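*Asks:* Can you keep this structure in mind? I'll have questions shortly.
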Amino acid sequence: MEYNFRDIEKKWQKQWVDHKTYQVKEDESKQKFYVLNMFPYPSGAGLHVGHPLGYIASDIYARYKRLQGFNVLNPMGYDAYGLPAEQYAIQTGQHPAITTVKNIERYREQLDKIGFSFDWSREIRTCDPEYYHWTQWAFIKMFNSYYCNDEQQARPIEELISAFETTGTEGMNVACSEELSFTADEWKAKSEKEQQEILMNYRIAYLGNTMVNWCPDLGTVLANDEVVDGVSERGGYPVIQKVMRQWCLRVSAYAQRLLDGLDTVEWTESLKETQRNWIGRSEGAEMQFKVKDSDIEFTIFTTRADTVFGVTFMVLAPESELVAQLTTPAQQAEVDAYLERTKKRTERERIADRSVSGVFSGSYAINPLTNEAIPVWISDYVLAGYGTGAIMAVPAHDSRDYAFAKHFGLEIRPLIEGCDISEESFDAKEGIMMNSPRPGTPEGGLVLNGLTVKEAIAKTKEYIKTTGLGRVKVNFRLRDAIFSRQRYWGEPFPVYYKDGMPCTIEEAYLPLELPEVAKFLPTETGEPPLGHATKWAWDTTHHCVVENEKIDHVTIFPLELNTMPGFAGSSAYYLRYMDPHNNQALVDPAIDRYWQSVDLYVGGTEHATGHLIYSRFWNKFLYDMGVSITEEPFQKLVNQGMIQGRSNFVYRIKNTNTFVSLNLKDQYDTTPIHVDVNIVSNDILDLEAFKAWRPEYETAEFILEDGKYICGWAVEKMSKSMFNVVNPDMIVEKYGADTLRMYEMFLGPVEQAKPWDTNGIDGVHRFIRKFWSLFYNRNGEYTVTDEPATKDELKSLHKLIKKVTGDIEQFSYNTSVSAFMICVNELSTLKCSKKEILEPLIITLAPFAPHVCEELWDTLGHTTSVCDAQWPAFNEEYLKEDVINYTISFNGKARFNMEFPADAASDAIQTAVLADKRSQKWTEGKTPKKVIVVPKKIVNVVI
Numbered sequence: 001m002e003y004n005f006r007d008i009e010k011k012w013q014k015q016w017v018d019h020k021t022y023q024v025k026e027d028e029s030k031q032k033f034y035v036l037n038m039f040p041y042p043s044g045a046g047l048h049v050g051h052p053l054g055y056i057a058s059d060i061y062a063r064y065k066r067l068q069g070f071n072v073l074n075p076m077g078y079d080a081y082g083l084p085a086e087q088y089a090i091q092t093g094q095h096p097a098i099t100t101v102k103n104i105e106r107y108r109e110q111l112d113k114i115g116f117s118f119d120w121s122r123e124i125r126t127c128d129p130e131y132y133h134w135t136q137w138a139f140i141k142m143f144n145s146y147y148c149n150d151e152q153q154a155r156p157i158e159e160l161i162s163a164f165e166t167t168g169t170e171g172m173n174v175a176c177s178e179e180l181s182f183t184a185d186e187w188k189a190k191s192e193k194e195q196q197e198i199l200m201n202y203r204i205a206y207l208g209n210t211m212v213n214w215c216p217d218l219g220t221v222l223a224n225d226e227v228v229d230g231v232s233e234r235g236g237y238p239v240i241q242k243v244m245r246q247w248c249l250r251v252s253a254y255a256q257r258l259l260d261g262l263d264t265v266e267w268t269e270s271l272k273e274t275q276r277n278w279i280g281r282s283e284g285a286e287m288q289f290k291v292k293d294s295d296i297e298f299t300i301f302t303t304r305a306d307t308v309f310g311v312t313f314m315v316l317a318p319e320s321e322l323v324a325q326l327t328t329p330a331q332q333a334e335v336d337a338y339l340e341r342t343k344k345r346t347e348r349e350r351i352a353d354r355s356v357s358g359v360f361s362g363s364y365a366i367n368p369l370t371n372e373a374i375p376v377w378i379s380d381y382v383l384a385g386y387g388t389g390a391i392m393a394v395p396a397h398d399s400r401d402y403a404f405a406k407h408f409g410l411e412i413r414p415l416i417e418g419c420d421i422s423e424e425s426f427d428a429k430e431g432i433m434m435n436s437p438r439p440g441t442p443e444g445g446l447v448l449n450g451l452t453v454k455e456a457i458a459k460t461k462e463y464i465k466t467t468g469l470g471r472v473k474v475n476f477r478l479r480d481a482i483f484s485r486q487r488y489w490g491e492p493f494p495v496y497y498k499d500g501m502p503c504t505i506e507e508a509y510l511p512l513e514l515p516e517v518a519k520f521l522p523t524e525t526g527e528p529p530l531g532h533a534t535k536w537a538w539d540t541t542h543h544c545v546v547e548n549e550k551i552d553h554v555t556i557f558p559l560e561l562n563t564m565p566g567f568a569g570s571s572a573y574y575l576r577y578m579d580p581h582n583n584q585a586l587v588d589p590a591i592d593r594y595w596q597s598v599d600l601y602v603g604g605t606e607h608a609t610g611h612l613i614y615s616r617f618w619n620k621f622l623y624d625m626g627v628s629i630t631e632e633p634f635q636k637l638v639n640q641g642m643i644q645g646r647s648n649f650v651y652r653i654k655n656t657n658t659f660v661s662l663n664l665k666d667q668y669d670t671t672p673i674h675v676d677v678n679i680v681s682n683d684i685l686d687l688e689a690f691k692a693w694r695p696e697y698e699t700a701e702f703i704l705e706d707g708k709y710i711c712g713w714a715v716e717k718m719s720k721s722m723f724n725v726v727n728p729d730m731i732v733e734k735y736g737a738d739t740l741r742m743y744e745m746f747l748g749p750v751e752q753a754k755p756w757d758t759n760g761i762d763g764v765h766r767f768i769r770k771f772w773s774l775f776y777n778r779n780g781e782y783t784v785t786d787e788p789a790t791k792d793e794l795k796s797l798h799k800l801i802k803k804v805t806g807d808i809e810q811f812s813y814n815t816s817v818s819a820f821m822i823c824v825n826e827l828s829t830l831k832c833s834k835k836e837i838l839e840p841l842i843i844t845l846a847p848f849a850p851h852v853c854e855e856l857w858d859t860l861g862h863t864t865s866v867c868d869a870q871w872p873a874f875n876e877e878y879l880k881e882d883v884i885n886y887t888i889s890f891n892g893k894a895r896f897n898m899e900f901p902a903d904a905a906s907d908a909i910q911t912a913v914l915a916d917k918r919s920q921k922w923t924e925g926k927t928p929k930k931v932i933v934v935p936k937k938i939v940n941v942v943i
């Protein structure tokens, strides 16, 4: 029988569907294992060969765990909301739902061809109302919760209201946007609207004024990763910084728990460190600085309170409310011009950019410890969202402060003994403090002379606290998440507005479905696209959506016009996979208790901060609500590397339509041109395909070498513009899905970036054919026998089982593929066709090449899927050597080899070596000084 991969793969893909091979149910008799991929956004371009890399890696592991007897959950779905579908709808007038479904169908077709063990009965789509019902539900829970710092837990907002009615804010330790102070009587005296405005200061989901990336041309807020070099990634439109009232999630309240949770998960240290830096915990002090000749005062946060004597200027973030208050008339024009420039730079760009810019406000602040008047500047190297948006600048001991002071000619004042002011002396942690107190320091003030830096920090903190100049505080860089977008294609907020204040729809009437609109653009008055909806009002009596014309602000109110961002649907999808068809709850508690958390999560490094932070936050909130069983959603995480494109080039002789082959191009004046890699094989150009590729090449002529046109090549990002995108469908059609799966793993370690190079794929395809030939001879005759295996055959098999078992656990799939090739070569040399060997070999290879293994498993007479076999255990006894081949050396030079029993003693080996006739030649009759035996390796005779 011939290896016809096309028929085999179609046959088994149908069999898996017909027999529901990959559908999984909760089974208390089996240990669970939950494998998850970061689910894809289905773009119109479909998959290229880089996309399946992580899916193949996780699928191998899922199949392996199933063979080990685990009950494996391996689901898949689609992150179906997003800006690309909406932009396409704007350009074509086609509803994004239509293009999204079309793209999903294309993705599904491609994924099925590759042979994944996904349980498609659990598929979810974030644009499905049955799914976003629970995103809306979670939002309502967050809106109706606050965060108690004492209990480190989200609590019902009703508890906070009760506390306000009893004691006001006295003794309150809760997460908030602004620290407020009022008594119970003052609370009770406020109107309902005033009370609701105060509660907004504490809700976990809240409306707040925040700095955003605003794209006027798209009419929407963009996330940081949607902005590149000051323009939108989608369309390249200008993006500015703007303060807007937005829905936010109080992620910052969970900062410490997010930090602590990293110690409980199996992630790489580099990934954990990325998250730690993003969370950015710092211990320090807050201090109040008064503005000279004014009643205004402002707060700064510093981790080095001891350096207050080295402060020579203050800096405000351009977005700070203090800018307007502190800018003097003489400086107004200059400040306004500077603010206009900074609007065009995102925070991410400002953090990365080390250039210096700023403007003087015209005002001075008073150093609370020295009474010195120090100038207040404005610069975009200070960020409004970190700390208080204002800093005290100590240029002698901070690199950015130093650069700023040097640029604008400001004073630089050293604080540490022996510290020379140079770029190498910044951020000093050791040494002895000097130059304090400063002139003008009040009698009895703080003195740090002679103290170490550590001692000075502790003393300054205590002084600030006891004198009331400030307080000791832990700060985090982590910001609250902006949670609203001015887009159409996203989850609607379950919110209506009563007297200008948001109210949530009752949970029983969810989901609130996305309405139809005439246009997907913002309205003429600047409202989001939902402003075009004519039926977008909430009837609180009948609990349904009604026409806008019925709004009376008594029982019928306007609904929220913003929609949720992309990460709303991807923050808890792993929980919904556990119980996707439950219309009573996000997940049934009993099912949640069984699956608990994700055991293996595979995805790209681009989600190292955003998605993983938000998802962990969301899970911790649901844990507080008693919904999620575990605090951390993803126990082990593997980041797959990017597959880069291998571009090909042709070389056109300038001003002609003639193309010269690679090794002859230096003889002519040529221009390199990217060519479609799909018409190139092993760097040899298909000349007729090239002529047909584009009209301008129809009359192309070629200067060949040895009758062939050899293309140049380079490794670049896989991109349509470079014509190096490889469609997996073409690989599957030409070589088969099993070849594609194994080749992607063979390219290199899963975690590393590597170039796609089809030049090596033939070798993997030949390997599978050679594996097939162990079962069928050249005439297509079945050759498997029941004869007992030989010692060499068992050794080859168990060496493989040991290697592959260890490799899969370490995700070293590339070395597994090499081990398979070695084993099949050895068995072919041994002419092995024994069922005792081939049956466990099939099982071992099945996670990598499931189609061919299913076919051969069936051929061996099995009536169940190879997926339900048992992973073979390796036997160390078969790996033991009976005979060891020793290299015999004289004075360190190898001269010949001898074989000895594996258990031979050193004395016996020495005697045999010296007695061997060949030794006589090299000893030349001399008595050896000593004989060194390195067990199982070498014997060295020293003359």
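At the far end of the sequence shown sits residue 943, using full-length UniProt numbering, and the numbering has no gaps.
Note that CB positions come from ideal geometry on N, CA and C, so glycine has one too.
Quick caveat: nothing in here was measured; it's all calculated off a predicted structure.
So, F301 versus G284, is the Cβ gap smaller than 9 Å?
*Replies:* yes
*Asks:* Alpha carbon to alpha carbon, how far is P565 from S484? Give it in angstroms, no decimals.
*Replies:* 6 Å
*Asks:* Alpha carbon to alpha carbon, how far is C823 from T805? Give it in angstroms, no decimals.
*Replies:* 14 Å
*Asks:* Look up K665 in the DSSP assignment and give the residues it is bridged to.
*Replies:* The secondary-structure analysis by DSSP pairs K665 with nothing; it has no beta-bridge partner.
*Asks:* Taking all protein chains shown into account, do 16 or more other C-beta atoms lie within 10 angstroms of the C-beta of V17, making it buried, or fewer, making it exposed?
*Replies:* Result: exposed.
*Asks:* Measure the beta-carbon distance from L879 to K795 and round it to whole angstroms, keeping in mind my assumption that it falls under 8 Å.
*Replies:* Going by Cβ atoms, the distance from L879 to K795 rounds to 6 Å, so yes, they are a contact pair.
*Asks:* DSSP three-state label for S816, please.
*Replies:* helix
*Asks:* Does DSSP put V382 in a helix, a strand or coil?
*Replies:* coil
*Asks:* Suppose only complete runs of 4+ residues qualify. What are the alpha helix (DSSP H) ranges in the stretch 90 to 146, listed by chain order?
*Replies:* Within the stretch 90 to 146, the complete alpha helix (DSSP H) segments of 4 residues or longer fall at 96 to 114, 129 to 143, listed in chain order.
*Asks:* Closer than 6 Å by C-beta to E424: which residues in its own chain qualify, once you throw out the five before and the five after it? Chain order, please.
*Replies:* With a pLDDT of 45 at E424, under the threshold of 50, the modelled position of this residue cannot be trusted; read the value that follows with caution. Once the five neighbours on either side are set aside, E424 has no close Cβ partner at all.
*Asks:* Using the Cα positions of F771 and D666, report the straight-line distance between them to the nearest angstrom.
*Replies:* Taking the straight line from one Cα to the other gives about 45 Å.
*Asks:* Quick check: the stretch 810 to 820 against the stretch 838 to 849, are at least 3 beta-carbon pairs closer than 8 Å?
*Replies:* yes
*Asks:* S615 and T126 - do their beta-carbons sit closer together than 9 Å?
*Replies:* no
*Asks:* Residues in the same chain with beta-carbon distance under 7 Å from L740, minus the five sequence neighbours each way, listed in chain order, please.
*Replies:* I114, P728, I731, V732
*Asks:* Helix, strand or coil for S357 per DSSP?
*Replies:* coil
*Asks:* Using DSSP with H/G/I as helix, E/B as strand and the rest coil, what is Q325?
*Replies:* helix
*Asks:* Is it right to say K20 is buried, meaning 16 or more other beta carbons lie within 10 angstroms of its own, or is it exposed?
*Replies:* exposed
*Asks:* What is the residue span of the beta strand (DSSP E) that A894 lies within?
*Replies:* For A894, the enclosing beta strand (DSSP E) stretches over residues 893 to 901.
*Asks:* Starting from the C-beta of Y651, find all residues in its chain whose C-beta is less than 8 Å away, skip the five residues before and the five after it, and write them out in chain order.
*Replies:* Exclusion of the five residues before and after Y651 leaves F659, V660, S661, L662, K665, Y668, T670, T671, P672, I673, G712 as the residues of its chain whose Cβ lies within less than 8 Å of its Cβ.
*Asks:* To the nearest angstrom, report how far apart K930 and A915 are at their CA atoms.
*Replies:* 15 Å
*Asks:* Have a look at W134 and P494 and give me their C-alpha separation to the nearest angstrom.
*Replies:* 11 Å
*Asks:* When the Cα of L249 is compared with those of E197, N144, V239, G389, which residue comes out closest?
*Replies:* N144
*Asks:* Whole beta strand (DSSP E) runs in the stretch 703 to 740 with 3 or more residues, listed along the chain?
*Replies:* 712 to 716
*Asks:* Taking the continuous beta strand (DSSP E) assigned at R646, which residues delimit it?
*Replies:* 643 to 653
*Asks:* Less than 9 Å between the C-beta atoms of E793 and K835, yes or no?
*Replies:* Cβ distance not < 9 Å, so E793 and K835 don't count as in contact.
*Asks:* Given a cut-off of 9 Å on the beta-carbon distance, is the pair E631 and R257 in contact?
*Replies:* yes
*Asks:* Look at the alpha carbon of A456 and the alpha carbon of D306, and state the distance between them as a whole number of angstroms.
*Replies:* 6 Å
*Asks:* Assuming V602 and A57 make a contact with CB atoms under 8 Å, what is their CB distance in whole Å?
*Replies:* Distance from V602 to A57 at the Cβ level is roughly 6 Å; contact confirmed, criterion being Cβ atoms closer than 8 Å.
*Asks:* Taking DSSP's pairing of strands, which residues face K636 in a bridge?
*Replies:* E266
*Asks:* Who are the near neighbours of D380 in its chain, counting only those whose CB is closer than 7 Å to its CB and skipping five residues on each side?
*Replies:* P318, T342, R345, R350, S357
*Asks:* If you draw a straight line from the alpha carbon of V315 to that of I374, how long is it in whole angstroms?
*Replies:* 10 Å
*Asks:* Do you know how far the Cα of V627 is from the Cα of T327?
*Replies:* The alpha-carbon atoms of T327 and V627 are separated by roughly 50 Å.
*Asks:* Please report the straight-line C-alpha distance between residue 944 and A138, rounded to a whole angstrom.
*Replies:* Given that the chain is displayed from residue 1 to residue 943, the structure contains no residue 944 and the question cannot be resolved.
*Asks:* Mind checking C176: buried by the 16 CB within 10 Å criterion, or exposed?
*Replies:* C176 comes out buried.
*Asks:* Under the criterion of a Cβ to heavy atom distance below 8 Å, does Y668 qualify as lining the ligand SAM?
*Replies:* With respect to small molecules bound, the structure shown includes none, and the ligand SAM cannot be examined in it.
*Asks:* Specify the secondary structure class of D786 as computed by DSSP and reduced to three states.
*Replies:* D786 falls in the coil class under three-state DSSP.
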